[in-house]
Structures are given as structure tokens and as C-alpha cells.
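Reading through the C-alpha cells given below for one structure.
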Amino acid sequence: VADAVADAVAANVASLDASALASAARVGGEVAAIAGDSWYTTSALMYAIEYFHVAQDMEWWAAIVATTVAMRVVALPLTVMQQKNAARMHLAKPEIEAINKLAQTHSQDKEALERYQAEIWKIWAKYDCNPVKMFAPLFVQAPVFISFFIAIQRMSAGVPSFATGGASWFTDLSVADATYALPLLSSLTFLLSVETNPPNGTEPQVGMKWGMRALAAVMIPLTASFPQGVFVYWVTTNVFSLFQATALRAPALKKLAGIPDVPVVHAAAAAPTAGSARKIAEKFGDAPVMHASNPKMKQGKKAKRSSQRQEGDTLE
1 VADAVADAVA ANVASLDASA LASAARVGGE VAAIAGDSWY TTSALMYAIE YFHVAQDMEW
61 WAAIVATTVA MRVVALPLTV MQQKNAARMH LAKPEIEAIN KLAQTHSQDK EALERYQAEI
121 WKIWAKYDCN PVKMFAPLFV QAPVFISFFI AIQRMSAGVP SFATGGASWF TDLSVADATY
181 ALPLLSSLTF LLSVETNPPN GTEPQVGMKW GMRALAAVMI PLTASFPQGV FVYWVTTNVF
241 SLFQATALRA PALKKLAGIP DVPVVHAAAA APTAGSARKI AEKFGDAPVM HASNPKMKQG
301 KKAKRSSQRQ EGDTLE
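Residue numbering for the sequence shown follows UniProt numbering, starting at 1 and increasing by one per position.
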């Protein structure tokens, strides 16, 4: 009897393994058929989604969520670097704007402007910041965002099992959401991520903020015809942004990530004055050095002639 039971169990396991392998081969064939002629980042994302679906036995919607979270976690160091750079640039802002103010008085003197620019580079080095670093996450996230969108669009059209890979009311990931619930949820989470994004220094301009709010509203009718699988990605990445922004505002996590604390200053009060530098110094210590005098520079030919003319007038 025991041998008979063991044989039956072994047969069932074998049939299950064969079924699973056949399913994996079928899905792999579906993805391979459309990934072969896609751009390498797009095909890589397709295979990543397929991995979670086949190897981790996830439904397609859950595989999209898992891949999205994995990609955002990989890009997290770049986001932290951007936050640190933004905070340091804000601390350097009084010195930078003081130099720019002095440079305006020598706008026609190329040599003077070069010296002022050299001073600005020294200030950036002093605070270990650079404007170029602000765009680092964009250089990574923008191609991933576009590739993710194309990957899911193509999988919606070329992977038949997407039709049953959803959940709740969005069971078919290959068609648009007739209830508009996913477009609304995507727009809402995008708006919340904009509203909760932690400011660094001056508050966002009112016009820019209203522009983002308008974009959130316009997104609903413009994207309503997209497959539901696309919205699974968008909602997931927006929710991740919400949690990320909230986490990076926590003092303990900011300290752990090495993000400096900066005061929030209204745009109208962000003038490059010694007073603003003193306020920062009172709060954080180590006052930024205000460049009260022009950097030493060689006199140009025009400046020499002007100086000689003034001396001649004085002698007369």
C-alpha cells in the first residue's frame, strides 16, 4: 500500500512539474517572440517581469509591481545623491548669489567673468555639490520610464495570458479600464507625490506647482485608453515616490543618508544678502563666507586707460 501511495504521489509531482515547465516554456515563448526585436532596455524589462511571473509564480500584475519596486530600489542611491546635492547647493546659495551679484557689475569684462566663475567652482567644491548632479536620477529614470511603458504596451498586445493576469476589477491587463478607476488613481497618486515632494530651500514657484496640478488633471483623459497593465506600473511607481519622499523627510533617515538639514525659505526672502547667510549660520553654524569684495584681477586695457584718464583729470 505504501509503495502504491508513493508511486501515486510521485506521478502527481511529475505531472505538476511537467505542467509548470510547459507553462513556463509557453510564457517564455510569448515574451521571447516580442522581446527579440525590441530595444535592449525594453526587452530586459520584459524578461524581468517574466522572471517574477514564472520563477516566483506571481500573477502578471504582481510581477509588474515587483519589477517596478526593484527598479526604483536600484535607482534609490541616485535619488539620495540628488537630495544631498540639492541641500548642499542651498547652503552654498548665499555665496553663489553674492558672487553673481558682483559679476553683474563686470558683465562686459570677459577676464573678470572667468575669475568669478572660478570662484563659483571653488564654492561648489567647498560644499561638495554640483548642478549637474541634480540631473543624475533623470538620466536613469527617464529611459527606464519610457522603456517600461513600451514593454508593457507590447506585452499587452503580444502576451495572451495578460488577458487574465490582473486582479479585482482589472483582470484583463491588455485593455483599457472602462471604469476610469486606474487612470484616476494614477493621476491622484502623481498629484500626491508632487504635493509631498520635500522642498529644498526656496518653495516651488506657484506657477510650476499649478502646472503640475494641471498635468495631473489632463493625464486622465489623455491616458484613459492605455492598457490597464500600464497603470499598474504608474500607480506603483507613484506610490513608491510617495513613500520615498516621506521617508527622506524623516530626521533619522536624513541623518543616515547624510542629507543636510536646510531651512525652508520663501522665494521673496531668498535674496543674496549677508543677513540670509547669518540666518543659516545661526541655525547650522560654520557661516558661509560672503565675498564682500571683488576677487583680485588684472586690469584690462580699457580699465587702465580709464584709470590714467582719471589721474590726469585729478592733476589738472
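Where a beta carbon is used, it is the ideal one built from N, C-alpha and C, also for glycine.
Contact check for V31 and E50: beta-carbon distance about 5 Å, within the 8 Å limit, so the pair qualifies.
DSSP places N100 inside the alpha helix (DSSP H), whose first and last residues are W60 to Q104. Apart from the 5 residues on each side of it in sequence, P143 sits with its Cβ closer than 8 Å to the Cβ of T41 in its chain, given in chain order. Assignment of A35 by DSSP, reduced to helix, strand and coil, places it in the helix class. Cα atoms of L256 and M212: separation of roughly 31 Å, rounded to the nearest angstrom. DSSP, read as helix, strand or coil, puts A214 in helix. The three-state reading of DSSP puts A167 in strand, counting E and B together. In the three-state reduction of the DSSP assignment, F226 falls in the coil class. In the structure shown, R154 falls within a helical segment according to DSSP collapsed to helix, strand and coil.
Cβ-Cβ separation between S174 and P227: approximately 5 Å, consistent with a contact (criterion under 8 Å).
Counting C-beta atoms within 10 angstroms of its own C-beta, W61 has 16 or more neighbours from the protein chains shown and is therefore classed as buried. A straight-line Cα-Cα distance of about 25 Å links I64 and V218.
Each residue's CA atom was taken as its position, placing V54 and F139 some 31 Å apart. By the criterion of a C-beta distance shorter than 6 Å, A176 is surrounded in its chain by S225, once the five residues flanking it on both sides are discounted.
Following the DSSP letters along the chain, one finds T41 inside the alpha helix (DSSP H) bounded by residues Y40 to V54. Closest option to C129, judged by alpha-carbon separation, among T223, W234 and A92: A92.
Shown here for S187: same chain residues with a beta carbon closer than 6 Å to its own, the five before and five after excluded, namely A216, M219 and I220 in chain order. V159 and M46 have their C-alpha atoms some 11 Å from each other. Judged by DSSP in its simplified three-state form, L173 adopts coil rather than helix or strand.
The Cβ atoms of R88 and Y127 sit closer than 9 Å to each other. Inclusion of L182 and F170 in the CB contact set at 9 Å is warranted, their separation being smaller than that value. For M58, the closest alpha carbon among the candidates M208, Q108 and G165 is that of G165.
For S156 against G36, the beta-carbon gap comes to about 17 Å, at or over 8 Å, which does not count as contact.
Straight-line spacing of the CA atoms in Q104 and Q117 works out to 12 Å.
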